[in-house]
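Here the structure is laid out as structure tokens; the discussion comes afterwards.
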Amino acid sequence: MPGETLNLTLYWLPEARTARPLSFYVQVFGPAFPGDAPIEVAKLDSYPGRGLLRSDTWAPGTLYADTYRLRLASLPPAMAPFVPRLKIGWRDNATDAEILPTTQAGAPLEAVILQGGAVIADRTQQQNEPLAIFSGAIALHQAEVRRGDDALEVRLRWEALVDLQEDFTVFVHLVEPGTTAPALATGDGVPRWGWWPTHAWVPGHVFEDLYFVPVTDALRQGSYEILLGFYRPADFTRLPVQPSPYPDSYLLHIR
């Protein structure tokens with residue numbers, strides 16, 4: 003929840019003892035509007051163990067656990083839910099130089115960025131009967147289409163009914179009425195612009211999601227429908243849905 007804390011444990015495994023104490027930093031990022039740069043929501047600059055686990059005293063091959071509580075910035079509740087992205091790096095404060103990361107084989111890396119944890123806004127409300135249920139696991143509570151200048155905005159409200167433990171991609175396809183293919187335009191993506199994959203969803207938590215389906219001048223003139231649902235990115239198999247005129251797609255009329 004924005005304004006509260008994120009519990010973080012880092013595990014350091016030194017290959018050698020450093021010549022002098024090194025410090026590290028963690029930057030925690032959350033989502034911005036699609037296309038914008040991520041927003042920093044928390045930051046930590048410290049020596050390991052808050053100075054009690056100096057890197058120049060580490061024993062090579064020993065695993066060190068380093069635990070912190072990071073306070074999240076006070077951000078709009080609409081920013082959540084999301085899985086934080088953490089950028090982690092090391093510095094030599096004696097020279098004010100950042101230590102560049104490499105792979106285990108020695109190849110240079112631009113940055114070390116990890117994903118983990120969850121930030122969830124407390125916006126759970128009593129819901130009406132869902133519009134549809136996918137594979138008995140995901141409920142669709144709301145689906146609306148708004149016409150923009152160059153895209154359709156498809157606003158959805160989801161709820162996980164079970165612990166999903168798997169990542170699905172949402173498909174949003176513009177089709178001619180009464181057909182399922184071909185898709186004239188698509189807005190597929192991982193929920194909440196890639197920041198809230200389904201494996202992280204919390205059963206009972208309801209949240210809003212947004213997709214954009216680009217439309218050309220020619221598509222603005224006709225009559226169309228939206229088909230939406232979930233598929234496995236590995237093999238594109240779709241989750242079944244009920245009720246719907248189609249076995250694996252929820253039909254959304256454009257008004």
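All residue numbers for the sequence shown refer to this note's numbering, where the first residue is 3 and numbers rise by one.
Using N, Cα and C, we set each Cβ at its ideal position, and we do this for glycine too.
Using DSSP with H/G/I as helix, E/B as strand and the rest coil, what is residue i?
i, result
"G16", "Looking at the sequence shown, residue 16 is not Gly but Pro. If DSSP states are grouped into helix, strand and coil, P16 belongs with coil."
"R234", "coil"
"G53", "helix"
"W197", "coil"
"T69", "strand"
"T104", "strand"
"P245", "coil"
"A99", "strand"
"P79", "helix"
"A61", "coil"
"A187", "strand"
The beta strand (DSSP E) spanning residue i covers which residue range?
i, result
"R157", "A153 to A162"
"H175", "T171 to V177"
"W92", "R87 to D94"
"I256", "Neither: I256 is in no beta strand (DSSP E) and is coded neither H nor E."
"E146", "I140 to R149"
"F26", "S25 to G32"
"S48", "I41 to S48"
Candidates the options: which alpha carbon is nearest residue i's?
i, options, result
"R149", "T20, Y27 and R257", "R257"
"V121", "N9, P245 and I228", "N9"
"T218", "Y248, A187, S225 and V30", "A187"
"I90", "P83, P103 and A80", "P103"
"L111", "P249, P179 and E100", "E100"
"T200", "G180, L163 and A220", "L163"
"P40", "G206, P245 and W195", "W195"
"L254", "H207, D68, E210 and L158", "L158"
"V156", "A220, D190 and R93", "D190"
"A220", "V147, D151, F232 and Y233", "D151"
"V243", "V215, F232 and A236", "F232"
"R52", "S25, I135, A134 and V192", "S25"
"P249", "E210, Q223, L154 and T182", "T182"
"V192", "R234, D98 and G108", "R234"
"Y27", "V43, A96, P132 and D47", "D47"
At what residues does the alpha helix (DSSP H) containing residue i begin and finish?
i, result
"D211", "Here D211 belongs to no alpha helix (DSSP H); instead the beta strand (DSSP E) covers V208 to P216."
"D219", "D219 to R222"
**Message:** If contact is defined by three or more beta carbon pairs under 8 Å, each pair taking one atom from either stretch, is the stretch 149-168 in contact with the stretch 53-72?
**Reply:** Flag = no, the stretch 53-72 and the stretch 149-168 do not touch.
**Asked** Do the stretch 174-181 and the stretch 219-235 make contact, defined as three or more Cβ pairs closer than 8 Å?
**Response** Touching, per the Cβ criterion.
**Asked** Any chance the stretch 13-22 sits against the stretch 62-73, with 3 or more Cβ pairs inside 8 Å?
**Response** Three or more Cβ pairs closer than 8 Å define a contact, and the stretch 13-22 meets that threshold against the stretch 62-73.
**Message:** For the pair the stretch 24-38 and the stretch 80-89, tell me if three or more CB-CB distances fall below 8 Å.
**Reply:** By the Cβ criterion, the stretch 24-38 is in contact with the stretch 80-89, since at least three pairs of Cβ atoms, one from each stretch, lie closer than 8 Å.
**Prompt:** Which runs of the beta strand (DSSP E) spanning at least 3 residues fall entirely within the stretch 114-138, listed in chain order?
**Reply:** Fully enclosed beta strand (DSSP E) runs of 3 or longer: 114-117 and 134-136.
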